[in-house]
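Student: Just dropping this structure here.
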């Protein structure tokens with residue numbers, strides 16, 4: 018029997034989602050897998066038959082290294098939610114038909130909550146039909162909101178980018194001796210992990226943001242304006258970090274106060290950008306100060322050039338562990354990171370029952386937010402600091418980081 | 018007689034404006050200057066008496082290196098335009114009084130057009146009153162719009178950041194197999210150098226932006242929409258780079274079509290942000306596609322973590338040359354970069370009469386823009402490519418680049 022595997026990437030990309038792919042590829046090759054297939058654009062691609070043979074792209078150790086420094090999903094992504102097993106058997110049948118055609122022994126999916134839901138359903142369906150194919154998930158999300166795992170690959174690199182840019186912007190904003198406020202809008206709809214990471218900028222050479230607002234705490238406009246007013250009495254240039262998802266007590270998102278959302282969205286999706294722009298405009302007219310907003314936007318998940326080396330290594334380890342688990346006979350599991358006790362930071366990979374992970378959201382513990390709701394505590398810093406440490410030794414060409422590119426999307430399955 | 022010098026930084030900061038400061042400091046020390054003063058917040062600080070003794074901050078070779086990787090103006094900046102000599106003699110008198118008090122022999126100003134205007138006026142005034150103080154300018158501006166010099170320190174690093182992020186965003190935007198357009202808004206009011214730099218992303222592993230719009234060419238909405246429509250027939254995910262300063266034929270800035278400007282500006286200054294947001298909204302409603310905008314914002318001038326090593330070295334060289342010129346008796350000059358002929362890129366520093374530089378604006382030659390006004394030519398690429406090459410070996414601590422910080426702003430002049 019052939020020992021073929023297939024891997025897909027799903028949901029929003031991260032700076033290190035390809036390091037997990039590299040880990041899966043490298044471990045599968047070491048464990049003498051025959052074919053290592055990639056689904057192009059996730060399960061959607063599998064259904065359409067757009068499959069890539071990864072060994073055509075990854076031939077050398079340098080290719081692995083370049084894959085690890087390539088942002089976004091090398092294989093392309095999708096946002097495809099499987100129906101419940103009772104209802105959509107046709108889709109499940111088609112997926113298993115494709116997998117059997119390719120003689121797949123193990124199926125890996127690198128993604129967030131929705132992707133883990135896919136793994137869960139496919140593993141359950143396999144049990145029902147008596148298929149021996151193994152299904153293992155490898156976690157990724159910059160949002161860090163997956164349950165059970167200490168943190169998710171992707172978070173550390175986004176946090177490193179955010180902390181670095183926050184530090185550089187604080188430097189920049191202090192250049193003029195004028196009253197000014199800069200509001201940084203950071204990703205995170207329901208969880209404030211990334212916004213909290215802006216506090217990592219704080220150190221001997223930087224004061225860090227003056228105020229930090231996470232979506233875990235209701236936002237109050239009056240108290241916000243008051244705090245800014247008070248801060249202006251002791252300093253001239255303020256930098257404030259807010260999560261895109263902050264909402265008033267009544268549940269209205271702050272960004273809904275902004276024109277932009279009405280303008281931009283052609284799909285009826287509620288876009289969550291605009292909160293910083295709105296708050297800057299309010300401060301400017303209420304306090305008469307110079308106020309500007311900066312959206313960190315998708316740069317947060319794409320800035321592989323400043324990825325955290327710890328994050329890259331853990332993403333790679335997670336992928337490799339997924340392969341070992343599948344080849345050991347496990348299925349319906351997600352790889353998690355477990356932080357070892359002790360002073361020195363260390364994480365090990367394990368697997369965990371996917372039923373207990375999928376569709377749960379992990380927010381920042383309220384005890385890690387200060388009483389005023391304007392900062393994170395030392396516990397948060399101690400948790401997040403090691404995750405941004407270490408720099409990747411990027412390969413540059415012509416002044417720019419080199420990326421690996423998927424050129425030919427479709428390959429024929431073997432006869 | 019003492020051999021004291023004073024240096025200031027002025028205008029918008031860049032990622033390497035402190036490398037010029039480091040060059041001035043290092044060369045002045047090597048040439049055995051006595052005191053090396055810094056004006057805190059430029060000429061404004063000099064007038065107020067906020068002066069720093071730089072040797073208190075820069076003690077080791079590592080300090081020099083850290084100064085070179087610190088974004089923004091280490092000494093703080095100002096936007097202070099000197100009056101014409103005829104009219105404002107009081108201010109000139111006060112400046113020279115301060116300089117004489119500090120026994121200054123040479124005055125250096127690192128900045129753009131306005132700063133060179135300051136050097137020009139002070140040098141002329143010195144001539145009138147028979148002062149022997151030398152005045153030399155060191156160029157900086159991310160906009161690259163200073164006349165005579167081949168390019169300006171600061172441009173290469175901003176261009177490297179823009180090209181890197183453009184490349185990473187193109188990767189990111191291709192993850193989903195959906196019709197989408199991403200519009201990147203890049204700095205540059207009248208000159209498209211930075212927007213053109215997005216084309217540097219193009220290479221074996223990246224197609225580069227699909228369309229590039231510089232402020233040198235009038236923007237036409239219908240032709241723009243048509244081009245996007247046509248591109249969608251051959252590909253799904255488009256990335257478009259525009260300059261914040263693009264304007265319609267009648268001179269109206271595209272950004273003026275956007276709500277944002279009315280909201281944000283408390284000072285009556287016309288803010289130039291919002292063009293990308295407006296165009297994304299238009300495309301979204303006219304073509305029914307997913308459209309988003311990303312403003313590169315001040316990150317462009319602050320992203321020292323990915324500064325070009327060529328740029329850092331040239332900024333340093335410019336500072337050092339300024340000191341040698343002043344000590345050789347030159348005054349009323351700006352340091353320029355001159356590109357040597359030949360295949361291998363090489364720039365040398367020279368000085369140039371400031372009268373012929375100040376207040377001139379250098380835009381992208383029209384022959385370096387394609388006929389349709391939607392891209393830059395190979396000449397542009399050949400010009401800009403060497404300026405982004407080389408990576409700085411950044412010193413990190415706790416996962417973040419280390420910066421040098423000015424702690425105590427005011428020092429007493431010596432007795």
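Protein chains in written order, with my numbering: chain Z, 18 to 432; chain H, 18 to 432.
We treat Cβ as the ideally placed atom computed from N, Cα and C, and that holds for glycine.
From which residue to which residue does the beta strand (DSSP E) around residue 202 of chain H run?
Tutor: Unbroken beta strand (DSSP E) run through residue 202 of chain H: 197 to 203.
Student: I need the straight-line Cα distance from residue 291 of chain H to residue 361 of chain H, nearest angstrom please.
Tutor: For residue 291 of chain H and residue 361 of chain H, the distance between alpha carbons rounds to 40 Å.
Student: Three-state secondary structure (DSSP) at residue 341 of chain Z?
Tutor: In the structure shown, residue 341 of chain Z sits in a helix (DSSP, three-state: H, G or I).
Student: With a cut-off of 8 Å on the beta carbons, I'd call residue 260 of chain Z and residue 183 of chain Z a contact; round off their distance for me.
Tutor: Their Cβ separation, rounded to whole angstroms, is 13 Å, which puts residue 260 of chain Z and residue 183 of chain Z out of contact at 8 Å.
Student: Taking the straight line between their C-alpha atoms, what separation do you get for residue 419 of chain Z and residue 293 of chain Z?
Tutor: Taking the straight line from one Cα to the other gives about 33 Å.
Student: Within the same chain, show all residues whose beta-carbon is closer than 8 Å to that of residue 387 of chain H, passing over the 5 residues directly before and after it, in chain order.
Tutor: Excluding residues within five positions, the ones whose Cβ falls inside 8 Å are 393, 394.
Student: Could you name the residues of the same chain whose beta carbon sits closer than 6 Å to that of residue 321 of chain Z, not counting the 5 residues immediately before and after it, in chain order?
Tutor: Excluding residues within five positions, the ones whose Cβ falls inside 6 Å are 32, 86, 88.
Student: Starting from the beta carbon of residue 400 of chain H, find every residue of chain B whose beta carbon is closer than 8 Å, and list them in chain order.
Tutor: As a matter of chain content, chain B is missing from the structure shown, whose protein chains are Z and H.
Student: Identify which residue in H/23, H/171, H/202, H/385 has its Cα closest to the Cα of residue 113 of chain H.
Tutor: Minimum Cα distance to residue 113 of chain H is reached at H/23.
Student: For residue 39 of chain H and chain Z, any beta-carbon pair shorter than 8 Å?
Tutor: No, residue 39 of chain H does not count as interfacial toward chain Z.
Student: Could you give the first and the last residue of the continuous alpha helix (DSSP H) run that contains residue 176 of chain H?
Tutor: Note, residue 176 of chain H: alpha helix (DSSP H), 172 to 190.
Student: Is the beta carbon of residue 188 of chain H sitting closer than 8 Å to the one on residue 319 of chain Z?
Tutor: Against a cut-off of 8 Å, the Cβ pair of residue 319 of chain Z and residue 188 of chain H comes out as a contact.
Student: Given that residue 88 of chain H touches chain Z, what residues does it touch there, using C-beta distances under 7 Å?
Tutor: Under the 7 Å cutoff, chain Z gives 185, 188, 189.
Student: What residue from Z/178, Z/345, Z/218, Z/171 has the CA that sits closest to residue 45 of chain Z's CA?
Tutor: Of Z/178, Z/345, Z/218, Z/171, the residue nearest in Cα terms is Z/345.
Student: Mind listing the chain H neighbours of residue 325 of chain Z? Cutoff is C-beta to C-beta under 9 Å, in chain order.
Tutor: Those are 416, listed as they occur along chain H.
Student: Check whether the Cβ of residue 201 of chain Z lies closer than 7 Å to any heavy atom of the ligand ATP, and answer yes or no.
Tutor: As for the ligand ATP, it is missing from this structure, which has no ligand bound.
Student: Does the region 90 to 110 of chain H touch the region 135 to 144 of chain H, meaning 3 or more C-beta pairs lie closer than 8 Å?
Tutor: Judged by Cβ distances under 8 Å, the region 135 to 144 of chain H makes contact with the region 90 to 110 of chain H, as three or more pairs qualify.
Student: Judging by CA-CA distance, which residue of H/222, H/221, H/200, H/220 is the nearest neighbour of residue 230 of chain H?
Tutor: Answer by Cα proximity: H/200.
Student: Is the region 405 to 419 of chain Z close to the region 76 to 86 of chain Z, with three or more CB pairs under 8 Å?
Tutor: In short, these stretches touch, since the Cβ pair count reaches three.
Student: Starting from residue 393 of chain H, follow its DSSP beta bridges and name the residues at the other end.
Tutor: H/386, per the DSSP bridge assignment.
Student: Given a limit of 9 Å on CB to CB distance, which residues of the region 207 to 238 of chain H reach chain Z?
Tutor: Hits within the stretch, in order: 217, 218, 220, 221, 222, 223.
Student: Measure the C-alpha to C-alpha separation of residue 133 of chain Z and residue 267 of chain H and round it to an integer number of angstroms.
Tutor: Straight-line Cα distance between these residues: approximately 54 Å.
Student: Restricting to Cα atoms, I'd like to know which of H/163, H/36, H/29, H/72 is closest to residue 21 of chain H.
Tutor: Selected option, being the one with the closest Cα: H/72.
Student: Closest to residue 158 of chain H by CA distance: which of H/148, H/169, H/151 is it?
Tutor: Measuring from the Cα of residue 158 of chain H, the nearest candidate turns out to be H/169.
Student: Per DSSP, what kind of secondary structure is residue 156 of chain H in: helix, strand or coil?
Tutor: If DSSP states are grouped into helix, strand and coil, residue 156 of chain H belongs with the strands.
Student: Residues in the same chain with beta-carbon distance under 6 Å from residue 280 of chain Z, minus the five sequence neighbours each way, listed in chain order, please.
Tutor: Any answer about residue 280 of chain Z is weak, because its pLDDT of 43 lies below 50 and its placement is not dependable; what the coordinates show is given next. Around residue 280 of chain Z: no qualifying Cβ.
Student: Can you tell which of H/193, H/149, H/215 has the C-alpha that lies nearest to the C-alpha of residue 178 of chain H?
Tutor: Selected option, being the one with the closest Cα: H/215.
Student: Listing by chain order, which chain H residues have their CB less than 9 Å from the CB of residue 316 of chain Z?
Tutor: Those within 9 Å of residue 316 of chain Z in chain H are 182, 185, 186, 189, 311, 313, 316.
Student: Which value, in whole angstroms, describes the spacing of the CA atoms of residue 278 of chain Z and residue 210 of chain H?
Tutor: Because the pLDDT of residue 278 of chain Z is 44, which lies under 50, any placement of that residue in the model is unreliable, and the question is left without a value.
Student: Could you confirm whether any beta carbon from chain H is found closer than 8 Å to the beta carbon of residue 343 of chain Z?
Tutor: Not closer than 8 Å to any Cβ of chain H, the Cβ of residue 343 of chain Z fails to qualify, so no.
Student: Check whether the region 300 to 319 of chain H touches the region 242 to 253 of chain H, taking contact to mean three or more Cβ pairs, one atom from each stretch, closer than 8 Å.
Tutor: Judged by Cβ distances under 8 Å, the region 300 to 319 of chain H makes contact with the region 242 to 253 of chain H, as three or more pairs qualify.
Student: Can you tell me whether residue 241 of chain Z is helix, strand or coil according to DSSP?
Tutor: Helix.
Student: Alpha carbon to alpha carbon, what distance is there between residue 352 of chain Z and residue 371 of chain Z?
Tutor: Their backbone Cα atoms lie some 9 Å apart in a straight line.
Student: For residue 162 of chain H, which residues from the same chain have a beta carbon less than 6 Å from its beta carbon, with the 5 sequence-adjacent residues on both sides left out?
Tutor: Counting only Cβ-Cβ distances below 6 Å, and skipping sequence neighbours, we find 208, 378, 379.
Student: Residue 417 of chain Z: which of H/217, H/311, H/355 sits nearest, CA to CA?
Tutor: For the residues H/217, H/311, H/355, the minimum Cα distance to residue 417 of chain Z belongs to H/217.
Student: Report back the beta-carbon spacing between residue 354 of chain H and residue 83 of chain H to the nearest angstrom; my notes put them in contact at under 8 Å.
Tutor: Actually they do not touch by this definition, with Cβ atoms about 24 Å apart.
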